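What follows is a single structure, written as structure tokens, with notes after it.
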Amino acid sequence: MSIATVSPSSPVLQTMDLACINAIRTLSMDGVQAANSGHPGTPMALAPVAYCLWQQFLRFDPQDPVWPNRDRFVLSIGHASMLLYSLLHLTEVRAVSKDYETLGEVSVPLDAIKSFRQLDSRCPGHPEYRWTSGVETTTGPLGQGVATSVGMAIARQWLAARYNRQGFEDLFDFNVYALCGDGCMMEGISSEAASLAGHLKLSNLCWIYDNNHITIEGNTALAFTEDVATRFIGYGWNVTRVGDANDLEMLARAFRTFQDTKDRPTLIIVDSHIGYGAPHKQDTSGAHGEPLGEEEVRLAKRSYGWPEDKKFFVPEGVYDHFRQGIGKRGQQLRDAWFARISEYRKQYPELAEELFRMQHRQLPDGWDRELPEFPADPKGLATRESSAEVLNAAAKNIPWLIGGSADLGPSTKTRITQEGAGDFSAENYAGRNFHFGIREHAMGAILNGLSLVKVRPFGSGFFIFVDYMRGSMRLSALMELPVIYVFTHDSIGVGEDGPTHQPIEQLAHMRSMPGLIVIRPADANEVREAWKVILQLHHEPAVLVLTRQAVPTIDRTKYAAASGLARGAYILADAPAGNPEVILIATGSEVALCLEAYEQLSKEGVRARVVSMPSWELFDDQDRNYRDAVLPPHVKARVSVEEASDFGWSKYTSSEGHNVCIESFGASAPLKQLLKKFGFTAERIIAAAKSQIAQQRAQS
Ligand SMILES: Cc1ncc(C[n+]2csc(CCOP(=O)(O)OP(=O)(O)O)c2C)c(N)n1
Ligand SMILES: [Mg+2]
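The opening position of the sequence shown corresponds to residue 1 in the working numbering, with each subsequent residue numbered one higher.
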């Protein structure tokens, strides 16, 4: 039946399908109108698409929205959030606690819809993971959702390859659906992600493209004339079309085509009319980002055959209809799955235990038993090299630690080398080494998708290219996902590659992001401690910043233990009686330089302290006593040393302190010449320390 053919004057309950669809539409319109802010047009247009998918196909149990084998639904057009909230409300999805326990109450009560976009409402402007149960990922920045869905689809393939066993071939067989629009299609990240998805033949992935020809500025003819279908065919996708978003039959057929397609992802292109039913706003950008207005709402309701004056109206039978559809199907599937997992636990207790721990973000017992200790060595090794050893020692005992690189694995050294680790590919979904290709932005989003399905992902690249993936990293932080980012080639230390490859402002960027833990370890043993901290994080993404060049392995019998890293900063070397007159603070490769300066200063009778400060965030988290013990407030002579912008360092050195830093872009030359040019020498640090002491004396 094409519901478009239903006459405008048809009674509300002409069909239950139509009542449900129009309830989605009108709740969305009323929510936006009450908030006087939001995007009504797309929920109005796509209500039938979402309804068809949820009611007929989605394997999702509203009573248990975190059941591991549920289908995932991603609203990549986050601005159309009211569409999702209406669905969550009408299907009576239950709230889940932070410990993954289902609570009795519904996730989105009608009151939440009435307070759409207001402070503390469960219906914020864009869907937020961890805030509204049933929201699978935070969306809003266009393109992120679809790219994240690729990570979810990959995660399912990996889980299936590892955990589906004889008699349990369907333990993990969930599908991932993402609803996207013109904006998602225009953003480069969708191209990166779709290209990889096609390459990996992710047949459990379905994107639904709302081809409404409208974006904010007007018709897509302004800036978007490419042939999306041909583009996706080129990526190796199955492409199908539904010419009318109101045609439930054709929609169902398209979803069946997706389910029957076993060798590639599917794109369903749906032609829709934004603001469907609103007489003055349909098919215009006026329906995109502002309320329809009271009168237009009334007229749209009239066109649906809806009571014009009723607000937030849910006709009788609608909730029950959803209960009988998605509700019943979802619950049966979910219950059957849990019954099977009890069987599975009997037959494969170890695998079942792995799954339990993974799903609760726990680690296996003894996961850190093989982490290496590194002997003192003045020549040392690059922290990317020591990281490779530590990562591999951890990976041995954490089977679901998986990841890879954006084509820089040989440089970032993040390959899991143990026998059988393998490469993830269309032919081997059990591989633990991923090849994201040169697609940093999509890599970030895919890591988020992997993490949302609860495997433990890492991704690596050159630190400079963090600029290409910040959008996704920001969502890792916002969603509190423990994604691990490994970045090497962390400074002018890269030498000859020159300024395009030498990070300057990237540390400041990363440190300014709420919820992200940045660690720049000084030597091999700090690298071990850094991985220890990172792997135990539950709700924070981490950035591990590593050198390309060798750094000395600090003699821990002479200086303090590397375990101090866990507190973010620690006293590595001190004045004999612990009463320094100057403090040298450094991170990463500059710590060794400070130790050199310290030795010289000590010889000259200057009382210096060296603080290794691998992580601002971890240090800021310590109590006042500890922070004051490391950086005593009365010792005002301070020098920070870091081969990067000094942005933010005055927090620790004060405006009177001295920051040895880089205030320009770098340069292309052998490292030795660069260190001299940019002043990273023990002599300069010594001079700065002395000048700081003199300045403080003059003031006191
Ligand atoms: C990365 C990013 N850039 C810009 C925006 C602002 N924005 C929100 S919606 C939108 C237009 C999206 O058009 P489309 O995807 O076609 O959605 P429709 O208007 O059809 O619902 C824009 C530019 C955004 N949310 N994310
Ligand atoms: Mg559009």
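Using N, Cα and C, we set each Cβ at its ideal position, and we do this for glycine too. From a predicted model like this one, the values you see are computed outputs, not experimental measurements.
- Distances from the CB of isoleucine 214 to the heavy atoms of ligand 2 include at least one below 7 Å.
- Fewer than three Cβ pairs drawn from the stretch 95–105 and the stretch 159–173 lie within less than 8 Å of each other, which leaves the two stretches out of contact.
- Taking the Cβ of aspartate 490 as the reference point, every heavy atom of ligand 2 lies at 7 Å or farther away.
- Annotated three-state conformation of alanine 221 is helix, per DSSP.
- Rounded to whole angstroms, the separation of the alpha carbons of serine 512 and histidine 360 is 29 Å.
- Taking phenylalanine 665 as the centre and dropping the five residues before and after it, the same chain places the C-beta of Pro499, Gln502, Ile504 closer than 8 Å to its C-beta, in chain order.
- Around the beta carbon of aspartate 574, 16 or more other beta carbons sit within 10 angstroms, so the residue counts as buried.
- For aspartate 271, the distance from the CB to the nearest heavy atom of ligand 2 is not below 7 Å.
- Between isoleucine 274 and isoleucine 214, the gap from beta carbon to beta carbon is short of 8 Å.
- By the criterion of at least three beta-carbon pairs nearer than 8 Å, the stretch 173–180 is not in contact with the stretch 471–478.
- For glutamate 187, the CB falls within less than 7 Å of some heavy atom of ligand 1.
- Leucine 450 and alanine 352 have their C-alpha atoms spaced approximately 19 Å apart.
- The C-beta distance from glutamate 617 to isoleucine 534 rounds to 12 Å, too long to fall under 8 Å, and the pair is not in contact.
- Non-local C-beta neighbours of alanine 569 in its own chain, meaning closer than 7 Å and more than five positions away in sequence, comprise Val611, Ser612, Met613, Phe619, Val630, ordered along the chain.
- Taking all protein chains shown into account, aspartate 623 has fewer than 16 neighbouring C-beta atoms within 10 Å of its C-beta and is therefore exposed.
- Three or more Cβ pairs drawn from the stretch 32–44 and the stretch 107–119 lie within less than 8 Å of each other, which places the two stretches in contact.
- Distances from the CA of tryptophan 367 to each of Asp377, Gln347, Ser386, Asn397 were compared; the closest alpha carbon is that of Asn397.
- Secondary structure at glycine 104: strand, using DSSP grouped into helix, strand and coil.
- The DSSP-derived three-state label of serine 512 is coil.
- Spatial neighbours of glutamine 259 in its own chain (CB-CB distance under 6 Å, excluding positions within 5 residues in sequence) are not present.
- Under the three-state reduction of DSSP output, aspartate 368 falls in the coil class, being neither helix nor strand.
- Contact annotation, proline 48 with serine 28: C-beta distance approximately 13 Å; criterion of less than 8 Å not satisfied.
- Relative to ligand 1, the beta carbon of isoleucine 268 is positioned no closer than 7 Å to any heavy atom.
- Taking every protein chain shown into account, the CB of phenylalanine 436 has 16 or more other CB atoms within 10 angstroms, so this residue is buried.
- The beta carbons of arginine 638 and serine 615 sit no closer together than 8 Å.
- Uninterrupted alpha helix (DSSP H) stretches at least 4 residues long and entirely within the stretch 237–299 occur at 248–260, given in chain order.
- Per the C-alpha coordinates, the member of Glu136, Tyr626, Gly380 positioned closest to valine 527 is Gly380.
- Cβ neighbours of valine 318 within its own chain (closer than 8 Å, five residues either side excluded): Met16, Ala19, Cys20, Ala23, Leu90.
- Taken atom to atom, the span from the alpha-carbon of alanine 597 to that of threonine 417 is near 39 Å.
- Taking C-beta atoms as the reference points, proline 521 and alanine 508 fail to come closer than 8 Å.
- Restricted to the stretch 407–461, the alpha helix (DSSP H) segments that are unbroken, complete and at least 4 residues in length are 409–412, 440–452, listed in chain order.
- Scanning the stretch 529–566 from its first residue to its last, the whole beta strand (DSSP E) runs of 3-plus residues come out as 542–545, 550–553.
- Listed as beta-bridge partners of isoleucine 402 by DSSP are Pro457.
- Tyrosine 468 and glycine 403 have their C-alpha atoms roughly 18 Å apart.
- Annotation: alanine 694 to proline 632 spans about 18 Å, alpha carbon to alpha carbon.
- Within 7 Å of the C-beta of cysteine 184 there is at least one heavy atom belonging to ligand 1.
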